[in-house]
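**Student:** Handing you this structure, nothing more for now.
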Amino acid sequence: YYHSSEKMCQLEEWLFANFRSDGVGLSTTLRGMAEAMGSEIKYSPNNIAQLKTPALKLKDVDGAKLVDVDKDGRLPIILEGLRMVKQKLGHLTPVSGTVTGPFTVAAMVLGTEQLMIGMIKKPDKVKQLLDVIVENNNRYIQRLIDLGVGIGFADPVSSTSLLSVEQYKEF
């Protein structure tokens with residue numbers, strides 16, 4: 196599924212046909228943008244994808260990658276899947292693409308523990324990384340706009356179970 200636009204589309208078609216959901220769509224997943232930025236992701240046959248190796252160490256943030264959403268990682272596969280879903284189901288129900296928020300992408304680029312430490316010890320480096328991630332997300336969002344699909348947003352690492360409201364506002 197993770198590596199096939201066709202399977203992504205087939206699943207959305209099946210879900211819509213069987214459950215008549217009020218919308219369909221595809222997500223970058225919590226690791227998709229980080230993978231495009233160079234993180235190594237472990238794919239298991241019977242589990243969700245997991246971060247295997249972060250792309251960067253905090254000291255190396257200057258090397259954070261600006262992505263080409265049409266070429267890097269699985270982003271082009273997901274965009275093609277969205278195009279297919281819109282073509283097949285867009286006349287029946289709204290289609291959307293979900294983008295992963297900056298804190299969650301940063302956790303997948305650095306590792307969650309290193310992100311949390313960096314927010315305290317090297318906030319300037321974390322802010323620098325978040326700026327690159329926001330630019331990458333904006334590039335992806337532009338493709339979603341070009342496709343004419345709705346846009347969803349998920350950033351679970353920014354929840355108050357990990358960050359205080361003050362930390363969130365600071366970054």
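Heads up: take any position in the sequence shown, counting from 1, add 195, and you land on my numbering. Ideal Cβ placement from N, Cα and C applies to all residues, glycine included. In this text, all values refer to a predicted model and were calculated from it rather than measured experimentally.
#1: Given 8 Å as the limit, is there contact between the stretch 314-327 and the stretch 269-276, that is, 3 or more CB pairs closer than that?
#2: At 4 residues or longer, and completely inside the stretch 206-278: list those alpha helix (DSSP H) runs for me, N to C.
#3: Tell me, which residues are paired with Gly292 by DSSP?
#4: Which residue wins for smallest C-alpha separation from Gln256, given the options Lys247, Thr224, Ala244, Met232?
#5: Under a three-way DSSP split, which group does Thr355 fall into?
#6: Please report the residue range of the alpha helix (DSSP H) in which Leu310 lies.
#7: According to DSSP, is Phe366 part of a helix, a strand, or is it coil?
#8: How would you call Ile243, buried or exposed, if buried means at least 16 neighbouring beta carbons within 10 angstroms?
**Tutor:** Let me spell this out:
#1: no
#2: 227-231
#3: Residue 292 sits at position 97 when you count from the first residue of the sequence shown. For Gly292, which the question treats as bridged, DSSP gives the partners Leu221, Ile346.
#4: If you number the sequence shown from 1, residue 256 lands on position 61. In the sequence as displayed, the identity of residue 256 is Val instead of Gln. Of the candidates Lys247, Thr224, Ala244, Met232, the one whose C-alpha sits nearest the C-alpha of Val256 is Met232.
#5: Locating residue 355 in the sequence shown gives position 160, where the first residue counts as 1. Correct three-state label for Thr355: coil.
#6: Within the sequence shown, numbered from 1, the residue matching residue 310 stands at position 115. From DSSP, the alpha helix (DSSP H) with Leu310 extends over 307-316.
#7: One-based indexing of the sequence shown puts residue 366 at position 171. Of the three classes helix, strand and coil, the one that applies to Phe366 here is coil, per DSSP.
#8: Sequence index remark: in the sequence shown, residue 243 carries index 48 (1-based). Exposed, since its Cβ has fewer than 16 Cβ neighbours within 10 Å.
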